[in-house]
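Numbering (my numbering), first residue to last: 108 to 278.
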Ligand SMILES: Cc1cc2nc3c(=O)[nH]c(=O)nc-3n(C[C@H](O)[C@H](O)[C@H](O)COP(=O)(O)O)c2cc1C
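So this is what it looks like as structure tokens:
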């Protein structure tokens, strides 16, 4: 099972990137062929501008993956701008793929913001989502590390369920 984790935040201190890294480690430990793409290393251009070569490479990586995990930071109770660019430009070959969401936010009150990503993926490409989201807030992190025991436990639970359901959907 080939899993691609797309960390969409451009923040140098991205918390959602930390979530992506942790889930990646859990998947690798359990024998999954998992890989992270870090959007900070890609020149992202909006839809009507010329697509960069790295964006074309990302589209190919997404196409080759069996399933996807998307890391997002909440911006204005919704998905962040860089994730929207990735969805608009690089999600050409994702129909029916299984996916999961890892989300970082400033506060607990924005947890429904991931629903915008769910709506896009399900309505546009009939993708199937793991019914468990990792949602971390600024209180769960210190010095670029997770300090919440509960969040760490949920990362393990998410990773195990992602593997179990992901494998079932591949048969
Ligand atoms: C433009 C902008 C808008 C934001 N809007 C929200 C918001 O609506 N709700 C919230 O809880 N946090 C909000 N935040 C805080 C981010 O979600 C938080 O910093 C999170 O760590 C971002 O993810 P990242 O660190 O992976 O980039 C916002 C941050 C920025 C920069």
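Think of the CB as a built atom: it goes at the ideal place given N, C-alpha and C, for glycine as much as any other residue.
The model shown is predicted, which means the values in this text are computed figures rather than measured ones.
The C-alpha of residue 115 is placed about 6 Å away from the C-alpha of residue 189.
Contact annotation, residue 176 with residue 146: C-beta distance approximately 13 Å; criterion of less than 8 Å not satisfied. Three or more pairs of CB atoms, one per stretch, sit closer than 8 Å, so the region 197-210 contacts the region 165-184. Classified as buried, residue 129 has 16 or more neighbouring CB atoms from the shown chains inside 10 Å of its CB.
A distance below 8 Å between beta-carbons, with the five flanking residues on each side excluded, links residue 158 to the following residues of its chain, in chain order: 152, 196. The residue among 150, 160, 132, 166 with its C-alpha nearest the C-alpha of residue 142 is 132.
When the beta-carbon positions are compared, residue 166 and residue 199 come within less than 7 Å of each other.
If you ignore the 5 residues before and after residue 221, its C-beta comes within less than 6 Å of the C-beta of 208, 210, 240, all in its own chain and listed in chain order. The beta carbon of residue 274 lies closer than 7 Å to those of 108 in the same chain, with the five residues before and after it left out. Closest option to residue 243, judged by alpha-carbon separation, among 121, 139, 172, 236: 121. Within 10 angstroms of the beta-carbon of residue 247 lie 16 or more other beta-carbons, which makes it buried.
Cβ-Cβ distances below 7 Å link residue 150 to 159, 161 in the same chain, with the five nearest sequence neighbours on each side left out; the list follows chain order. For residue 261, the CB stays at least 6 Å from every heavy atom of ligand 1. The residues 109, 110, 111, in chain order, have a CB closer than 7 Å to that of residue 172 in the same chain once the five nearest residues on each side in sequence are set aside. Nearest to residue 169 by C-alpha distance, out of 227, 231, 277, 202, is 202. Shown here, residue 199 sits in coil according to DSSP, grouped into three states, outside any helix or strand.
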